[in-house]
Amino acid sequence: TVKKQTESEEEEEQEFEGSVILFIILLFLSIGALQWKDGLQQKASEAFLRQQEAAPNLRKLIYGSEASDSEDEDKELGGLFRVSRPHNSTKFQANALDCSRFNPDTFHDWDLEEMLNSIRDCFVTGKWEEGQDAA
Amino acid sequence: IHGLTYDGCNFFRQRLVLSTLSGKRVKISNIRSKEDNPGLRDFEASFIRLLDKVTNGSRIEINQTGSVLFYQPGLLQGGSVEHDCNTQRSIGYYLEALLMLAPFMKTSLKATLRGVTNDPIDPTVDVLKSTALPLMKKFGIDGEGFDLKVVKRGMAPGGGGEVVFTCPVRRTIRPVQLMDPGKIKRIRGVAYSVRVSPQMANRIVESARGVLNQFIPDIYIYTDHMKGANSGKSPGFGLTLVAETLNGFFLSAEMSSTPQGQGDPMLPEDLGRNCAKLLLEEVHRGGCVDSSNQSLALLLMTLGQQDVSKVLLGPLSPYTIEFLRHIRDFFQIMFKVEVRKPLEDERKGGDKVLMTCVGVGYSNINKSLK
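Shown next, in the form of structure tokens:
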């Protein structure tokens, strides 16, 4: 797994390099002195930071922070049972309904043309990427 | 091997299933301990009995009020099993767990389950048949005798339905790379009705087509009207819709009529239209696995051979997030989670999540050598 980690790190590095190049291009453009381009550099860097933050947050949401993991392992009861996690950290009610269905709080309004358009390319009738053919 | 402790009856099946597969004992306390009627419900007891039937040597202890359960798993035995599933929950509730356990039995499982085949709460047997089974095939669980047959339909609350689930055993699970769902080529569905006019199913089909025809012409929704002894004890109707992609993935949505005596009845037209919209919601979520099968896919990735598995999912459901935590508890596996945003000019719904892990190399020690 160490090997894989370094591989994924390399991938991340490559991604990082890619975004640095993008960043430099944007920087170049913004020097071009057109008024509307002024905020571009800042916008790009903000977008980049947002993206950097989004991914680890999902992992953190699932597994909690690394620090709380080590705490868990200390809580052994008589060597037989292990407290799996602090109960107050789960946002679910311990005695709620055990059901696999995904019912989100709000559904999209599928009467809106805008929503219908947002999934058009999921179908064979939608737009195809270059290099792909209808089988 | 040390055991794990949990509180409350939520995620009950996940805990017992993962306990059985990992061999780790589990203790669940405070089950509805603060309610007027504390302890396990009949459907949970029924679930435990089913678990006891498919295993050999399990030890189950429940305290007097039923608010504490101790479970020490035995070996997965399999074979021919019959079970009357308590009708508080539909057969789907029980079957979801059996789908996770069946490939790892000693001998092929043939489970005859009786009870409620369709209710509005759990995934119905129809939707599991058309989504969970093809998903398992991607992991190499396949072959003759891999089938889920709806023999009799039984709507909630009365039930009276019957399904037969047969599944071959596997020694190992194939790692998968399911990253490109492909475009949806067709939509299939079943509109079912029992103990009501067969015309109900036709009305459902009409209204569902009205919504879906905006996207694709290849839509076929079968009507299934079971009669007499095969129609169960309660009247009702419903619809399951499945969108099939070019790469062989299935996204589903479904809706069942309100069980008799449990609220306002639903018009078949409304049910058809709303179910079609639910399918659009599911397409918007997207990925290679539909939302109710996320945990099944993640489990099979976890138990795969020691190699990298990657699966693209839609947004993770709260049930799935808890399942990931339980996988860490029982198998010490943590997934790599990467958000994949659609490109700006792409009209492919919302953000997706790429899940990556290295399987634990689980091998089925129960499977008998031939």
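From first to last, the protein sequence lines are chains A and B.
Mapped onto my numbering, the consecutive letters of the first sequence carry residue numbers 23 to 157.
Mapped onto my numbering, the consecutive letters of the second sequence carry residue numbers 5 to 374.
For each residue, glycine too, the CB sits at the ideal point set by N, CA and C.
When the five nearest sequence neighbours on each side are left out, the beta carbons in the same chain lying within less than 6 Å of the beta carbon of B:GLY83 are those of THR111, in order along the chain.
For B:LYS142, the uninterrupted alpha helix (DSSP H) segment begins and ends at 129 to 142. The C-alpha of B:ASP228 is placed about 11 Å away from the C-alpha of B:GLN203. In the DSSP assignment, B:PHE254 falls within the unbroken beta strand (DSSP E) covering 254 to 260. Using beta-carbon distances, A:PHE129 counts as an interface residue toward chain B, with a partner under 7 Å. Interface with chain B (7 Å Cβ-Cβ cutoff): A:LEU44 is excluded.
Under the DSSP assignment, B:ARG17 falls in the alpha helix (DSSP H) whose first and last residues are 16 to 26. Boundaries of the alpha helix (DSSP H) around B:TYR323: 322 to 335. Taking a cut-off of 8 Å for Cβ pairs, the region 191 to 209 of chain B and the region 114 to 130 of chain A do not touch, as fewer than three such pairs fall below it.
The shortest CA-to-CA distance from B:PRO319 to any of B:GLN298, B:GLY78 and B:PHE74 is the one to B:GLN298.
In the structure shown, B:CYS361 adopts extended strand secondary structure according to DSSP, grouped into three states.
Taking the beta carbon of B:VAL287 as reference, the chain A residues within 7 Å of it are ILE141 and CYS144, listed in sequence order. Straight across, the Cα-Cα distance linking B:LEU245 with B:SER260 is about 12 Å. For B:ILE52, the enclosing alpha helix (DSSP H) has its first and last residue at 46 to 58. Ranking B:GLY186, B:SER295 and B:LEU105 by CA distance to the CA of B:CYS171 puts B:LEU105 first. DSSP places B:ASP274 within a helical segment (H, G or I) once states are collapsed to three. For the C-beta of B:LYS281, the chain A residues within less than 7 Å are, from N- to C-terminus, TRP132. Judged by their CB atoms, B:SER50 and B:ASN90 are nearer to each other than the 7 Å cut-off. Under the criterion of beta carbons closer than 8 Å, B:SER71 and B:ASN34 qualify as touching, at roughly 6 Å. When rounded, the separation of the alpha-carbon atoms in B:LEU80 and B:GLY147 is 20 Å.
Near chain A, meaning a CB-to-CB distance below 7 Å, the residues of the region 180 to 204 of chain B are LYS187, ILE188 and LYS189. Residues ASP184, PRO185 and GLY186 of the same chain have their beta carbon placed closer than 7 Å to that of B:ASN251, with the five preceding and five following residues left out of the count.
Put simply, of A:GLN63, A:ALA118, A:SER67 and A:GLN64 the residue whose alpha carbon is nearest the alpha carbon of B:TYR323 is A:ALA118. Considering only B:VAL341, B:VAL85, B:CYS361 and B:LYS281, the residue with the shortest C-alpha distance to A:LEU134 is B:LYS281. Per DSSP, B:ALA247 is one residue of the beta strand (DSSP E) stretching across 240 to 249.
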